[in-house]
Structure formats: structure tokens, C-alpha cells
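Residue numbers (this note's numbering), protein chains in the order written: chain Z, 1 to 163; chain L, 164 to 838.
We put the CB at the ideal spot given by N, CA and C, even for glycine.
Structure first, commentary second.
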Amino acid sequence: MEQFATFYLNDTLFGIPILTIREIHPLIEMTPVPLAPDFIRGLVNLRGQVVTIIDLGIKLGVGRRDSQERTRLMIIKPNAELSDLALEKGIKTSDDPVGLLIDEIGDVVSAEENDIEPPPANMDINDLKYVRGVAKTRSDLLTLLNLNQLLGVEGGNENQNQI
Amino acid sequence: MKFRTKITLGFGVILLMMGIVGGINYMYTNKARQNLNQYIHWTAINNVSNEEVTQPLMKLGIALNEYMRKPSSEARERILTSLKKCKIGIDKWKGQVKNLPALEKFALTMQAAGRKLDSRVKGFLDFSEKCGKGGACTEAEKKKLTSMVEALTSEIDAVIKNLGTNMDEVIDPRLEKVQKKVFDEARYSAMLSVTLTIGGILLGILIAFLIGSTVFRPIKRIRDAITLMAEGDFSEEVTDNLNFKGKDIITEMAQGLLKMLNGVIGEAHSFREGLPFPFFTANNELKITYANDQFLKMVGKPSEEVFGHYCGSMVKAQQCNTQQCLIKRALASKDIIHDISEVEKDGEKLWLDMSANILKDLRGNILGAAETLIDITEEKKGQKTIEENRQLLLRVAEEVQEIANQVATAAELLSSQSNEIAAGAEEQSAQANQVAAAVEEMNATIAEVAKNAQEAANHSQAAREVAKQGNEVVDESIKKIQLLADTTQNVANSIKALAEKSREIDRVIEVISDIADQTNLLALNATIEAASAGEAGKGFAVVAGEVKELAKQTAESTESVGEAIQQIQEGIRQSVEMTEETLKEVSEVTELSGKAGTSLEEIVDKTGNAAEMVAGIAAAAQQQSAAVNEISKNVDGIMTVSQQTAQGIAESARAANELTQLSKELLESARKFQG
């Protein structure tokens with residue numbers, strides 16, 4: 001059994017393993033990064049630590065949205081901060097601390113491995129690598145994201161290349 | 164007898180004559196030739212005797228004498244040559260006279276004489292030579308020689324004389340005879356030839372005349388016939404000229420012509436003559452070359468005055484002497500020209516339908532033109548009458564049509580006007596009815612007015628009293644309203660205070676909502692922390708879940724409260740608005756009450772005036788009532804008249820409709836007539 005924290009990006013429900021999350025934080029002022037790719041919305045100073053805020057919506061093709069009352073920052077643990085439990089499960093995030101800009105926080109959802117189905121066959125091959133699978137909840141279908149792919153080495157390289 | 168036989172016979176006779184003449188000529192010529200030969204023969208004998216016998220003898224004599232005078236070898240030689248010639252001549256002559264026995268005998272004598280002479284001359288010569296040898300001859304010898312020469316000379320003379328005599332005796336008469344014969348025969352021959360030639364010519368002329376008379380006469384007749392035909396005369400004379408019997412070529416020719424005359428020409432002629440209308444032909448100079456009887460009859464002139472005369476002087480159509488001349492136009496256009504002309508003849512007008520067309524010979528050369536003139540006066544007159552009648556009828560039809568149109572228009576106008584008038588009359592009638600009704604009503608009303616006016620006058624006074632009381636009541640109500648206004652103001656103030664309080668509640672709810680939100684976030688973070696603690700964090704996770712649930716409930720409750728507060732605020736807002744409205748109305752009512760008070764005062768004043776006026780009204784109403792009665796009577800009269808009018812107009816409209824129909828029919832008829 002695995003626990004997922006769920007969130008909405010423009011009415012679509014996504015989920016990531018709860019073990020990857022450091023905290024959920026209300027939206028605070030972001031400092032824009034000049035010349036950064038558009039999915040990097042800015043930097044925040046979180047208790048003395050600089051965190052890069054990424055808009056997954058842009059990466060997943062949802063498009064850029066304005067901040068709202070329910071917009072939150074989901075701070076992801078860097079690899080170094082991951083708990084033993086997470087390491088045991090083979091979870092990987094990124095080397096630098098990042099935060100995801102989400103439209104609304106959902107619930108914590110538990111799912112058996114059996115409940116997770118592979119991503120739909122008709123998905124774009126590029127998007128396919130970001131999606132781990134689809135889990136059924138009581139009311140919704142939950143798209144489980146592959147954070148390692150979204151933020152990981154690839155993401156780092158991408159940043160470097162673009163900077 | 165055939166023509167050829169005749170000719171052959173004629174020429175045969177002439178040829179025979181010429182043959183006879185030729186034969187006779189030949190015969191005589193041949194005879195003449197024979198005589199001439201004879202003559203030549205005799206002449207030749209004569210010549211030989213003269214030239215070859217007589218002359219050498221004479222030369223011999225001369226030579227002997229010469230030798231005597233001066234003997235020389237040349238003279239001797241000459242003597243010998245002459246002697247030789249004499250001998251040859253005598254021999255020749257002898258040969259020529261072989262057929263003449265008289266001379267042949269003499270020829271022998273001549274030969275003997277010749278021989279004798281020869282020997283004696285030779286003797287003389289020998290003697291002379293002997294004498295010469297010895298030198299000079301003696302006188303005796305000389306005498307002997309001289310005598311010898313004299314003897315010889317006389318001997319020669321004798322021979323010559325003898326020959327001449329013989330010749331004269333024998334040859335001359337013969338020559339004369341032959342000459343005479345030749346002359347005689349030539350003369351005779353010439354005479355015969357001349358006679359025969361003259362006779363032949365006479366005979367030839369006779370035969371030629373005979374043949375000519377038989378051959379030329381029919382040809383002349385044919386010529387006459389053709390000449391007549393060429394002049395356009397096809398009378399009996401032509402037929403008579405061509406009609407003769409026989410089997411020769413001329414007759415056949417004549418028969419052919421006759422056949423042609425009876426056939427083509429006759430047909431053409433009879434066609435021309437048989438044309439049932441005037442017809443003439445003219446040459447390129449517009450001179451008449453032919454005119455049929457109809458034409459002659461029309462122009463009233465004998466053919467001598469027509470044929471060969473200018474055509475324009477015959478008919479005197481208006482086209483004549485102008486470029487419109489039909490023949491000129493036909494000649495120019497090489498086409499049929501057709502025209503109509505009005506001609507005056509014996510004071511009468513004639514209409515001629517003229518057609519002209521060119522005439523061509525078989526090779527296409529234009530010979531002139533033919534023109535027919537058809538008298539169409541009767542048709543023209545008829546046509547004119549018809550045309551006049553037609554024009555008259557057309558005019559009448561047009562007039563009829565015009566009148567019909569006018570009638571139709573008028574009828575339609577009348578109809579529409581009638582309809583309008585009818586409608587108007589009906590309306591008038593109806594209106595009159597209404598007026599009557601209204602007048603009656605008015606009458607009644609006026610009566611009522613009069614009655615009521617009186618009553619009103621009474622009530623006016625009462626009203627004045629009531630108005631006074633009303634004024635007092637109004638004053639009282641104004642005071643009460645003022646009180647109400649004050650109370651309402653207080654209510655409004657209270658409601659405003661309430662609104663302020665509710666806004667404060669709003670703020671509190673916001674704070675609670677915030678707290679609930681943060682609590683939820685904290686609970687979520689706690690769940691996250693608990694999850695990362697694994698099994699150890701499980702208990703904590705449960706607590707966190709409960710906290711989260713509470714936060715959720717709090718948020719929901721706060722939301723409900725917020726909604727309730729919002730409803731309350733809305734209610735307050737409406738109350739405030741209504742209170743303000745009430746306040747505004749109260750002030751208006753106060754004002755109106757004030758005005759009502761004033762008005763009531765005015766009413767009191769005016770009511771007095773009204774009472775007086777009402778009395779006036781009552782009096783006027785009575786007068787009115789009388790007038791209205793009069794009106795009523797008049798209106799009744801109008802009604803009767805308009806009903807009658809309406810009836811009359813309805814009838815006239817019906818009549819107008821009928822008239823319209825009739826004029827349409829008339830128009831249709833007129834159109835048919837025109838069409």
C-alpha cells in the first residue's frame with residue numbers, strides 16, 4: 001500500500017507519493033528568474049532556503065494559470081532529505097529543493113499496487129514518461145506522476161541547457 | 164426534175180459545146196501545122212537552091228574573073244572551094260527534091276552540069292598554070308584563057324538561070340498554094356471558133372436562165388417570206404410563199420421554214436397576238452418594234468403610226484420621259500420592273516398595271532424590252548371605293564371606339580362616383596341615424612343636465628360645508644404624518660447600525676475560515692510528516708486525520724454562517740432602502756396634505772361660484788332642449804332624403820355598371836372591326 005498526496009491542476013487530479021513531500025505551504029511572493037524557461041515560475045525563500053517553484057501545469061500541457069485563493073506551494077524533498085522509507089521504496093526526486101505550484105490541494109489517498117493501471121495507450125510518447133499510471137479512487141481517476149522524470153536528472157539537465 | 168439534175172444538165176451542155184469548139188480548133192490547127200510543114204519544106208528547098216547552089220556558083224564566077232585579072236593561089240583556092248561548095252549544094256538540093264519528080268530529073272541535069280563545070284574549071288586552071296609557067300602567056304593563050312573564062316561564066320549563068328527557072332516553075336506555085344491554103348484554113352477556123360463560142364455563150368446564157376428561173380424563183384419566194392417574217396408579218400402571204408410542191412432541197416427548206424413558222428414562230432406570234440392585254444416591244448432606243456392589237460386598240464392608232472415610234476408618245480404614263488420609265492429601268496437593271504400609272508385617255512382616268520422585262524436574243528444580247536399594260540381601272544375604282552368605305556368604317560370605328568372609351572371611362576367614373584355617393588349616402592344615412600340617436604340622447608341628457616344642474620347647485624352649497632370640514636381634517640392628518648416620518652427615521656437609523664454589526668460578523672467569519680484553512684494545511688503537513696515516519700507515525704497520522712476532518716467541518720460551518728450573514732445583510736440593505744423610500748414618501752404625503760388643505764380652501768371658494776354657474780347651465784339647458792328638438796326634426800328629414808338618394812344612386816350605379824359592360828363589348832367589337 002502506498003499513500004499519495006493529490007492536487008488539482010486546472011480541475012485535473014494528479015497524485016505524487018506522499019513520501020516525496022516536505023510540506024504544503026501557502027502561496028508566498030515569488031521572485032521571477034530572468035531567462036528561465038517558462039515552467040520555472042520563480043524562486044521563494046523558505047526559512048532561509050531558496051526553493052525553485054515549477055509550474056507542472058506548463059510541463060503537462062495544462063498551460064499557465066493565474067494564482068488563485070486556493071493556490072498552494074507543494075515543497076518537494078530533495079534526494080538528500082528523503083526518508084529511509086522513501087529510499088527503501090526507490091523513490092527519487094531532485095538534487096535541489098523544488099516546489100510545485102498547484103491550483104488546489106486534494107486529499108491523502110491510499111492505493112494498492114494492484115489498483116494502479118498503466119497509463120492510457122493513446123497518450124503522447126513525450127507525456128508518457130511523466131506518467132507512472134492511473135489509480136482509481138472512490139470518485140475520480142487519479143493520474144500518478146513520475147516525479148523523478150519531471151524533476152530529476154533530466155529536468156536538471158534541461159535547466160542547465162536552457163540557462 | 165430535181166434541182167441538181169437541172170444544174171448538171173446545164174453544165175453538161177456547156178461542156179459539150181466547149182468540147183466541140185476545142186475539137187474543131189484542134190482539127191484546124193493540126194491541118195495548119197501540116198501545111199506549115201509543107202511550106203517550111205518548100206522554103207527550105209528554095210533556100211538551099213539559093214544559098215548553097217546559086218550563091219557558090221555566083222562566087223565561082225566572081226573568083227574566076229578575079230583569077231583572070233590577077234591569077235593567085237588565093238584566087239585559085241577560092242575557085243576550088245566554091246566549086247566544092249557548088250557540088251555539095253547540088254547534092255544536098257538533090258536529096259531534098261527526091262519526092263519531086265520534076266525537080267529530081269532536073270537535079271540529075273544539074274549534077275551533070277556540075278560535073279562538066281568542074282572538069283572545065285579544072286581544065287582552065289591547068290591551062291592557066293601551064294601558061295604561067297613559062298613566064299608570061301602568049302596573047303593567044305591569053306585570048307584562049309579569056310574565052311574560056313567567058314565560056315565558063317556564061318555556062319554558070321546558064322546553070323543559075325536554068326535552076327532559077329526550074330525552081331520558079333516547080334517551087335513557087337507550090338509555095339503559093341500552101342500559103343493560100345494555110346490562110347484560108349486559118350480564117351475558116353477562126354470564123355468557126357468565133358461562131359461556136361458565140362453560140363456556146365448564147366446557149367449557156369439560155370441554160371443558165373432556164374436553170375436560174377427554176378432555181379431562183381423558189382429561193383426568192385423563201386427570201387420574201389423570211390423578210391416578211393423578220394418584219395413581224397406572219398400573214399397568208401408568208402404561208403403562200405413557202406407553200407410549193409416538189410422534192411428538191413429548196414422545197415424541203417421551204418417546208419422546214421413553214422413548219423417552223425407554224426411551230427415556234429407561229430406559236431410565239433399567236434402568243435403575242437393572243438395576249439389578252441396590251442403588249443408591245445421596244446428596241447434599245449425605246450422605239451416600238453411590235454405592238455399587239457390590244458395595244459393598238461388602247462392607244463387608238465393604226466399600226467403605221469405606232470411601229471417604229473417612240474413608246475413614250477403612245478401611252479403617256481407619268482413614268483414616261485423620266486428616269487422612272489419602266490423600259491429604261493428594265494434595261495438598266497436587267498430585271499422585271501413593275502409599276503402602276505395613272506393615265507388620262509379621252510378625259511377619263513385609267514389605271515395601268517405595267518410590267519417591263521428585257522428581251523434577249525439567243526446569245527444574250529439585249530434587243531430591247533417588252534412591256535405589258537393591264538387596265539386595272541375597274542379594280543382600282545373598286546379598290547378605291549372599298550378603301551374609302553374601309554377608311555370611313557375605320558374612322559367610324561375609331562370614333563365609336565373613342566366614344567366607347569369615353570363612355571366606358573365616364574361610366575366607370577359614374578359607377579365609382581355612384582358607389583362613392585352610395586357609400587356616402589349610406590354613411591350619411593347612418594350618420595344621420597346616429598345624429599338622430601345622439602340628438603335624442605342629447606335631448607335626454609340636456610334634460611338631465613338641467614335637472615342635475617339644479618341639484619348640483621343644491622349640492623354645491625353642501626360641498627362647501629364639507630370642504631370646510633375636510634380642511635380641518637387635513638390639518639390633523641398632516642400632524643400625524645409628521646409623527647410617522649420621525650418614527651420611520653428612527654427605524655432607518657437602527658437598521659443602519661445593524662448593517663454595521665453584520666459586517667463585523669463577516670470579518671470574524673473570515674478569520675475563522677482562515678484558521679480552518681491553516682488547520683487543514685497543518686493537518687495535511689502532519690499527515691505528511693507521519694507518513695514519512697512510517698509505522699511510528701501511524702498514531703500521529705490518525706490524529707492528524709481527525710484534526711483535518713475538524714478543520715474541514717469548521718470550514719463548512721463557517722461557510723454556512725457566512726451565507727446566512729450574507730442573507731441578513733441583503734435583508735438589511737433592502738430594509739434600509741425601504742425605510743428611505745418610506746421617509747421620502749412621508750415627506751411627499753406631508754407636502755400633498757398641505758396642498759390638499761389649500762385646495763380645499765379653494766374648493767370652498769369655487770363651490771360658491773359653481774353653484775351660480777350651475778344655475779346658468781340649467782337655464783341654457785332648457786333653451787338647448789328646444790333647439791335640439793328642432794335639430795331632431797331636421798335630422799329626420801335628412802334621413803328620409805338620404806335614404807331616397809341612396810336608393811337612386813344604387814340604381815344609377817347598377818346602370819353605370821351595365822353601361823360599362825356595354826361599352827366594353829362595344830370596344831371589343833370596334834377592335835375586331837379594326838383588326
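Simplified DSSP state of Asp669 of chain L, which is helix, strand or coil: helix
Reduced DSSP secondary structure (H/G/I, E/B, other) of Gln455 of chain L: A small fix is needed here, since residue 455 of chain L is Asn in this sequence, not Gln. Of the three classes helix, strand and coil, the one that applies to Asn455 of chain L here is coil, per DSSP.
C-beta atoms of Ala480 of chain L and Ser504 of chain L nearer than 8 Å: yes
Any chain L beta carbon closer than 8 Å to Gln49 of chain Z: no
Separation of Thr192 of chain L from Ser212 of chain L, as counted between CA atoms: 30 Å
6 Å Cβ shell around Gly363 of chain L - same chain, five flanking residues per side excluded: Met180
Beta-ladder partner(s) of Ala5 of chain Z, from DSSP: Z:Ile16 and Z:Val108
Helix, strand or coil at Asn122 of chain Z [DSSP, three-state]: coil
Extent of the continuous alpha helix (DSSP H) to which Gln49 of chain Z belongs: No alpha helix (DSSP H) holds Gln49 of chain Z; the beta strand (DSSP E) holding it covers Gln49 to Ile54.
Chain-ordered chain L contacts of Glu112 of chain Z [CB-CB under 8 Å]: In chain order: nothing, as chain L lies at least about 16 Å away.
C-beta contact flag for Ser581 of chain L and Ser815 of chain L at 8 Å: Yes, the Cβ-Cβ distance between Ser581 of chain L and Ser815 of chain L is below 8 Å.
Neighbouring residues, chain L, relative to Ser94 of chain Z (Cβ below 8 Å): Correct list: empty, because the minimum Cβ distance to chain L is about 17 Å.
Which of helix, strand or coil DSSP assigns to Ile91 of chain Z: coil
Contacts of Glu23 of chain Z in chain L (Cβ-Cβ under 8 Å): Within chain L, the residues near Glu23 of chain Z are Asn688 and Ile691.
Chain-ordered chain L contacts of Gln165 of chain Z [CB-CB under 9 Å]: Given that chain Z is displayed from residue 1 to residue 163, the structure contains no residue 165 of chain Z and the question cannot be resolved.
Pair within 8 Å by beta-carbon distance, Ala857 of chain L and Ser750 of chain L: Lying outside 164 to 838, the shown extent of chain L, residue 857 of chain L is not represented and no answer is given.
Residue-level contact to chain Z via CB, Gly734 of chain L, 8 Å cutoff: no
Per-residue burial, Met311 of chain L [other beta carbons within 10 Å of its own, 16 or more giving buried]: buried
Start and end residues, beta strand (DSSP E) containing Ile24 of chain Z: Ile21 to Pro26
Against chain Z: residues of the segment 694-711 of chain L by CB proximity under 7 Å: Ala694, Ser695 and Gly697
Beta carbon proximity, Leu684 of chain L to chain Z, threshold 8 Å: yes
Exposed unless 16 or more other CB atoms sit within 10 angstroms - verdict on Phe434 of chain L: Exposed is the call here.
Beta bridge counterpart(s) of His204 of chain L as assigned by DSSP: None, per the DSSP bridge assignment.
Residue(s) in a DSSP beta bridge with Ala532 of chain L: Answer is L:Ala445 and L:Ile521.
Per-residue DSSP class, three states only, for Lys77 of chain Z: coil
Neighbourhood of His472 of chain L by C-beta distance below 7 Å, restricted to the same chain and skipping five residues each side: If the five residues before and after His472 of chain L are omitted, its C-beta is found closer than 7 Å to the C-beta atoms of Lys450 and Ile451, all from its own chain and listed in chain order.
Given Ala774 of chain L as reference, the closest of L:Val804, L:Gly702 and L:Ala626 once Cα atoms are compared: Restricting attention to L:Val804, L:Gly702 and L:Ala626, the CA atom closest to the CA of Ala774 of chain L is found in L:Ala626.
Test item: CB-CB of Phe470 of chain L and Ala454 of chain L under 8 Å: yes
Proximity below 8 Å, CB of Thr770 of chain L to CB of Ala607 of chain L: no
Closer than 8 Å to chain L by CB, Glu109 of chain Z: According to the sequence provided, residue 109 of chain Z is Val. The question's Glu does not apply to it. Chain L contact via Cβ: absent.
Helix, strand or coil at Ile323 of chain L according to DSSP, with G and I counted as helix: Looking at Ile323 of chain L - three-state DSSP - the assignment turns out to be helix.
Validate contact between the segment 710-726 of chain L and the segment 685-692 of chain L using beta carbons, cut 8 Å, 3 pairs: yes
Closer than 7 Å at the beta carbon, the chain L residues around Leu85 of chain Z: Ser695 and Gly697
Pick from L:Met423, L:Ala265, L:Gly475 and L:Lys422 that is closest to Phe443 of chain L, judged by C-alpha positions: L:Gly475
Contact check, Ile106 of chain L vs Ala585 of chain L, beta carbons under 8 Å: With chain L covering only 164 through 838, there is no way to say anything about residue 106 of chain L.
Bridge partners - Lys450 of chain L, DSSP secondary structure assignment: L:Tyr473
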